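Sequential numbering from 1 applies to the sequence shown in full-length UniProt numbering.
We put the beta carbon where it would ideally sit given N, CA and C, even for glycine.
Bear in mind the structure is a predicted one, so any value in this text is a computation, not a measurement.
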Amino acid sequence: GLLFPSEPPSTALGGQCLERVEGTAITVKEFKRRFYSTDMPVVLANLGKDWRALRVWDDLEWWKRFHGHRCVPLEIGRYSDISDWCEEVMTVNDFVEKLMEPSVREDAQNIAYLAQHPLIDQLVDLRQDFEIPALCAKSLLRINAWMGTAGTITPCHFDSYDNLLGQVAGYKFVRLYLESDTYCMYPDRLTRHSQGNVSAVDIENSRHSLGNFSAVDVENPDLKRFPDFARAKAFDVVLGPGDFVFIPARCWHYVRSL
Numbered sequence: 001g002l003l004f005p006s007e008p009p010s011t012a013l014g015g016q017c018l019e020r021v022e023g024t025a026i027t028v029k030e031f032k033r034r035f036y037s038t039d040m041p042v043v044l045a046n047l048g049k050d051w052r053a054l055r056v057w058d059d060l061e062w063w064k065r066f067h068g069h070r071c072v073p074l075e076i077g078r079y080s081d082i083s084d085w086c087e088e089v090m091t092v093n094d095f096v097e098k099l100m101e102p103s104v105r106e107d108a109q110n111i112a113y114l115a116q117h118p119l120i121d122q123l124v125d126l127r128q129d130f131e132i133p134a135l136c137a138k139s140l141l142r143i144n145a146w147m148g149t150a151g152t153i154t155p156c157h158f159d160s161y162d163n164l165l166g167q168v169a170g171y172k173f174v175r176l177y178l179e180s181d182t183y184c185m186y187p188d189r190l191t192r193h194s195q196g197n198v199s200a201v202d203i204e205n206s207r208h209s210l211g212n213f214s215a216v217d218v219e220n221p222d223l224k225r226f227p228d229f230a231r232a233k234a235f236d237v238v239l240g241p242g243d244f245v246f247i248p249a250r251c252w253h254y255v256r257s258l
């Protein structure tokens with residue numbers, strides 16, 4: 001079947017490369033001492049390299065064959081373009097055929113994102129394709145999935161909980177800023193004209209209205225509007241299949257699919 005890209009496109013890493021450790025070699029004790037206890041993000045390379053998901057989820061025909069009839073919520077279009085953005089429920093088959101396959105074949109212009117969705121709860125058979133990493137097994141709260149075309153963006157924000165973000169198929173560019181740089185990040189309530197993929201439109205009812213989003217487009221910052229942002233120190237990484245990044249609570253992070 002048609003597969004996700006096996007090599008990442010060239011991406012300029014403007015920030016400092018985030019520290020990488022071998023995810024299968026680091027012990028839970030060492031991880032907690034060096035990174036968890038110090039709120040320091042880190043790339044856990046190859047942590048999921050033995051997952052069955054890496055062998056089957058990257059085949060788009062597999063998604064159609066086994067889950068094509070199921071319906072999933074999608075964000076369609078660039079969120080920065082209010083005239084071209086909507087939320088839509090679509091079958092997995094249509095999502096793959098109309099949006100994912102064109103994106104894999106060429107530099108398609110259509111942007112679509114299944115974002116922060118409890119897909120593993122909906123499609124329970126997926127649970128047999130991966131293992132919960134020992135680093136978080138005792139404190140796991142929830143599992144969400146993201147699946148989308150190239151060009152999907154999650155704007156720079158922080159969460160109130162720790163994250164372990166793993167890549168199964170394709171590649172993602174992740175840019176992070178430590179909590180200590182919050183004074184440079186211009187926290188703002190998310191507005192409808194912000195860039196990136198989020199789920200709510202009404203600012204009063206939005207789950208993102210807690211001041212945890214940055215008003216800055218971190219890849220193309222307007223330093224006249226946001227001069228203090230020039231002092232923020234970026235840490236960059238490109239995640240490939242099997243790679244994870246630990247994102248501590250209140251660590252700012254921005255994600256773009258390649």
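Give me, in chain order, the residues of the same chain whose beta-carbon lies closer than 8 Å to that of residue i; leave out the 5 immediate sequence neighbours on both sides.
i	result
Tyr-186	Ser-214, Ala-215, Val-216, Phe-226, Asp-228, Phe-229
His-69	Thr-91, Val-92, Asn-93
Val-56	Trp-62, Asp-129
Pro-118	Arg-142, Ile-143, Asn-144, Ala-145
Glu-87	Pro-73, Leu-74, Glu-75, Ile-76, Ser-199
Gln-16	Lys-233, Ala-234, Phe-235, Asp-236
Per the DSSP calculation, residue i is bridged to which residue(s)?
i	result
Ala-112	Ile-76
Gly-148	Tyr-113
Gly-166	Phe-244
Val-42	Phe-246
Asp-188	Phe-213
Asp-159	Asp-159 pairs with nothing; no bridge assigned.
Leu-128	A small fix is needed here, since residue 128 is Gln in this sequence, not Leu. DSSP output for Gln-128 lists no bridge partner at all.
residue 283	With the chain covering only 1 through 258, there is no way to say anything about residue 283.
Would you identify the three-state DSSP class for residue i, choosing helix, strand or coil?
i	result
Thr-182	helix
Pro-227	helix
Val-237	strand
Met-90	strand
Ser-194	Here the model assigns Ser-194 a pLDDT of 46, short of 50, so the residue's position is not dependable and the matter cannot be decided.
Gln-252	Checking the sequence, you will find Trp at residue 252 rather than Gln. Note: Trp-252 maps to strand in three-state DSSP.
Val-121	For the sequence presented, residue 121 should be read as Asp rather than Val. Note: Asp-121 maps to helix in three-state DSSP.
Ser-37	coil
Ser-6	coil
Glu-22	strand
Gly-15	coil
Ile-50	The sequence shown places Asp at residue 50, rather than the Ile named in the question. Reduced to three states, the DSSP call for Asp-50 is coil.
Val-201	Here Val-201 scores only 40 on pLDDT, less than 50, and its place in the model should not be relied on; the value that follows carries that caveat. The answer is coil: DSSP assigns Val-201 none of H, G, I, E or B.
What residue does the beta strand (DSSP E) around residue i start on, and which one ends it?
i	result
Ile-247	244-247
Phe-173	172-177
Taking only the alpha-carbon atoms, compute the straight-line gap between residue i and residue j and give it to the nearest angstrom.
i	j	result
Phe-103	Met-40	It should be pointed out that residue 103 corresponds to Ser in this sequence rather than to Phe. Going by the C-alpha atoms only, they are around 34 Å apart.
Asp-129	Asp-181	38 Å
Lys-29	Ser-37	10 Å
Ala-115	Leu-47	22 Å
Thr-191	Arg-256	Because Thr-191 carries a pLDDT of 47, less than 50, the predicted location of this residue cannot be relied on, and no value is offered for it.
Trp-252	Leu-258	20 Å
Cys-156	Val-89	26 Å
Pro-9	Asp-59	19 Å
Phe-31	Lys-224	40 Å
Arg-231	Gln-109	34 Å
Pro-5	Val-124	26 Å
Asp-222	Gly-240	30 Å
Tyr-183	Arg-250	12 Å
Glu-219	Ser-160	23 Å
Ala-25	Asp-50	13 Å
Gly-242	Phe-95	24 Å
Met-147	Ile-111	11 Å
Among the residues of its own chain, which have a CB less than 7 Å from the CB of residue i, if the five just before and after it don't count?
i	result
Cys-136	Leu-164
Phe-246	Phe-35, Pro-41, Val-42, Leu-44, Leu-164
Leu-13	Asp-236
Leu-2	Leu-60, Glu-61, Glu-101, Val-104
Ser-139	none
Asp-84	Gly-77, Arg-78
Gly-23	Leu-44, Ala-45, Asn-46, Leu-47, Phe-244
Here's a check: name, in chain order, each residue in its chain whose Cβ is nearer than 6 Å to the Cβ of residue i, leaving out the five neighbours to either side.
i	result
Arg-20	Val-43, Ala-45
Pro-73	Val-89
Locate the alpha helix (DSSP H) running through residue i, then write down its first and last residues.
i	result
Glu-30	28-31
Val-218	Taken as a continuous stretch (DSSP letters only), Val-218 belongs to no alpha helix (DSSP H), as it is neither H nor E.
Val-96	No alpha helix (DSSP H) holds Val-96; DSSP gives it neither H nor E.
Leu-60	60-67
Cβ-heavy atom distance between residue i and the ligand MG below 6 Å?
i	result
Phe-226	No copy of the ligand MG occurs in the structure displayed, which carries no ligand at all.
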